[in-house]
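Okay, so the sequence shown: first residue is 3 according to my numbering, each after it adds one.
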Amino acid sequence: STTHFAQAVELAETYNPEVTIEVLLDASLASLMSTGPAKSLPLAERAYTLAGNSEASLSNRAASVWGYLAFLSGDPQGLTECEMSAQSINAADLTSLHDSRWSWDALGTFSIAATLAERFDDAQDVLGTLVTAAGHTDAAEVTGGLAITQAIVAARRGRLAEALDFAERTTSARSEERRVGKECRSRW
């Protein structure tokens, strides 16, 4: 399957480099779970290189994913790249986001990297911005995912009551998603 993936990426690169970048980024993050950051990093590096001439949001996403995986692989420059990508996001633009892959955008990856680097204030600031934006767009699934990261930040700071509160929000968000889903299905 690795050979077929490589062939597909080469073919896509010829016809649509933006799709290639997205595929490489998604594959690098997906493989993070099964192979670890060091083996995922080459895919992100290739996407990062290809994204040099792409539109700003795709280039920013590539820089963020590369930075995140580089940081997890032990390169401190990765945290710097994640932070720069996060800083380039305009807070006003967050309320108009329609892409629900927020957990892997520049702000999400920086919040996780900052947490791992024990830069808890930075992580919490970014998470607060994302939660506010998610609230404006009624993105319950995003709010639930962010609450998990907020719980991790609070627990790492030793704020266990706060961590439990965030964990309860995750449960509430999931219950609301299920309720709305059932309601929508009953209308069909």
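For every residue, glycine included, the Cβ atom is placed at its ideal position computed from N, Cα and C.
Test item: CB-CB of residue i and residue j under 8 Å
i	j	result
S30	A14	no
A64	S90	no
R158	T117	yes
V67	T111	yes
G69	S87	yes
Exposure label - residue i; buried when at least 16 CB within 10 Å
i	result
D123	exposed
L129	buried
A153	buried
T151	buried
E57	exposed
A8	exposed
N18	exposed
N62	buried
Whole-angstrom C-beta distance between residue j and residue i, which should lie under 8 Å
i	j	result
L34	L81	Contact doesn't hold; Cβ gap of about 16 Å is too wide.
L1	E20	The chain is shown from 3 up to 190; residue 1 falls before or after that span and cannot be answered.
V155	A125	5 Å
C84	A135	Not confirmed; about 18 Å, so no contact.
Cutoff 6 Å; reference residue i; Cβ partners in own chain excluding five residues on either side
i	result
A149	F168, R171, T172
W106	Annotation note: pLDDT 48 at W106 (below 50); position unreliable, coordinate value reported separately. Contacts found: L31.
L26	L45, R48, A49
E164	A156
Contacts around residue i, its chain only, beta-carbon distance under 7 Å, and the 5 residues preceding and following it disregarded
i	result
T22	V11, A14, E15, L52
P78	none
Close beta carbons around residue i, own chain, < 8 Å, minus the five adjacent residues each side
i	result
L43	S30, W68, L71, A72, S75
| said: Suppose only complete runs of 4+ residues qualify. What are the alpha helix (DSSP H) ranges in the stretch 12-43, listed by chain order? | reply: With a minimum length of 4 residues, the continuous alpha helix (DSSP H) runs that stay inside the stretch 12-43 are 19-37.
To test your reading of the DSSP string, which unbroken alpha helix (DSSP H) runs of 4 or more residues are found completely within the stretch 48-125?
Counting only runs that start and end inside the stretch 48-125, the alpha helix (DSSP H) elements of at least 4 residues fall at 58-74, 79-89, 93-96, 108-118.
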